[in-house]
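To keep things clear, I will list the structure first and then write my remarks on it.
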Amino acid sequence: MKALVYLGPRDIRYKDYPDAILGGPDEALVKVAKTAICGSDLHIYHGEYPTPDTGFIVGHEFIGEVLEVGSNVRGFKPGDRVLSSASIGCPDCPECLKGRVGRCHKGPFSCYGQGSMMGALQGVQTELVSVPAANTTLRHIPPDISDDQAILLVDNLPTAYLGAKNADIRPGFSVVVIGLGPVGLLCAECAFILGAARVFAIDLVQERLAYAASLGAIPIKGDNIQEQILSANYGVPVDSVIDTVCNEFSLKLSFRLARKEGTVSEIGVSFTNSFNFPLAHVQSKSLAFRIALTSVQEEWPELIPLVQGGRIKSENVITHHMGLSEGAEAYRMTVAREAGVMKIVMDPSK
Ligand SMILES: [Zn+2]
Ligand SMILES: [Zn+2]
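In the numbering used here, each number is its position in the sequence shown, counted from 1, plus 826.
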């Protein structure tokens, strides 16, 4: 099969790779129909992972068609159109059966395409994937959900939704979203769904600010961010901040922007184990600080109806469709934020 393989920093190539085969009784072999590049794939691309692995297939976002199922897999059969969660638990513990793979009794959840980290699974930017714990990882795609809508349900939209829920947003609240990649833009959309009255959206890229404005958010850029938001928010700090960037600058900005007894929700991915946490400042404001990785499955019961009902138009963050054979170029364009690129979906048949 063909696959996008990580060979070293800024070197992801379209190459031949041994075909994936059904890995065991709990797995399902799925033919990839669409696969997407996620912001967290870019950490691998840039060589930021704390492991020296190379030669693995990248990517963790895909939808496809079931080809074969193991003997323990129930409810899926060859020909089914499915999406696969990027967070993978076990096939049968009580928490995973409820979708709460983050609380799996058997260990931390795994994720495709992270080298030797997070379960050492191969990635999904390829033609065939053997899906672990298929009973709890796969979901049938309802017929009224498009491919573009479905691929956002495997990671980005559930992550954004959790980021917004963790920000304790209540009707009438003012909210800041820092970083307007696809997850940040979806955070703004989810904040409105949860009742935010005003959403301030911070980024440096003009097209992303314009997209946020099209959602009804108030675009913010420049040096005097805190002053701009204060003056647009009737002179008071915001109730909730969602940070999608997860570095020292964005976190400290988050703590400054939130009101006393407000909430800061961190949903970006970090590989740093220590951080100069402004403890006295956060304590003096009695801030709530939450940080999480998403149990994707847990968010589906609320998100799938919101997408079906047209309340969330997540698919609009997808700006480009390309062939998997153009994968190296797709990564380059995503990193360069070229020509309005926000999210690229790739087709392995091309
Ligand atoms: Zn992702
Ligand atoms: Zn489990």
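Glycine included, each C-beta is placed from N, C-alpha and C at the ideal position.
| Check | Outcome |
| --- | --- |
| DSSP three-state assignment for Glu1128, whether helix, strand or coil | helix |
| Proximity winner among Gly1153, Ser1076 and Thr861, relative to Val1095 (alpha-carbon distances) | Ser1076 |
| Environment of Phe1097 [buried if 16+ CB atoms lie within 10 Å] | exposed |
| Span separating the alpha-carbon of Glu953 from that of Ile1138 | 29 Å |
| Element boundaries [alpha helix (DSSP H), containing His1147] | No alpha helix (DSSP H) contains His1147, which is instead part of the beta strand (DSSP E) from Ile1144 to Gly1149. |
| Beta-carbon gap between Ser1091 and Val1067 smaller than 9 Å | yes |
| Ala990 to Gly1135 span [Cα, whole Å] | 19 Å |
| Cβ pair Leu1079, Gln1052 closer than 9 Å | yes |
| Nearest neighbour of Gly998, chosen from Asn898, Leu1129, Val980 and Val1064 [CA to CA] | Val1064 |
| Any non-hydrogen atom of ligand 1 within 8 Å of Glu887 CB | yes |
| Pairwise C-alpha distance: Ser942 and Val831 | 14 Å |
| 7 Å CB neighbourhood of Asp994 in its chain, flanking five on each side removed | Ser1066, Thr1089 and Ala1114 |
| Collapsed DSSP secondary structure at Tyr832 in the structure displayed | strand |
| Span of the beta strand (DSSP E), counted from its first residue to its last, around Leu893 | Glu887 to Val895 |
| Residue burial classification, Val927 (beta-carbon count within 10 angstroms, cutoff 16) | buried |
| Terminal residues of the alpha helix (DSSP H) in which Arg907 lies | Element bounds for Arg907: not the alpha helix (DSSP H) but the beta strand (DSSP E), Arg907 to Ser910. |
| Residues bridged to Glu1092 [DSSP beta-bridge criterion] | Asp1069 and Ile1117 |
| Uninterrupted alpha helix (DSSP H) stretches inside the segment 1007-1074 (no shorter than 4 residues) | 1008-1019, 1032-1040 and 1051-1058 |
| Cβ contact (3+ pairs, closer than 8 Å) linking the segment 1103-1119 and the segment 1007-1016 | no |
| Proximity of Pro851 and Val892 at Cβ, strictly below 9 Å | no |
| Nearest neighbour of Ile863, chosen from Ile977, Leu1132 and Gln1123 [CA to CA] | Ile977 |
| Inter-residue Cα distance where the pair is Glu1155 and Pro917 | 36 Å |
| Cutoff 6 Å; reference Gly925; Cβ partners in own chain excluding five residues on either side | Gln1123 and Glu1124 |
| Leu855 versus Val1001: straight-line alpha-carbon distance, rounded | 42 Å |
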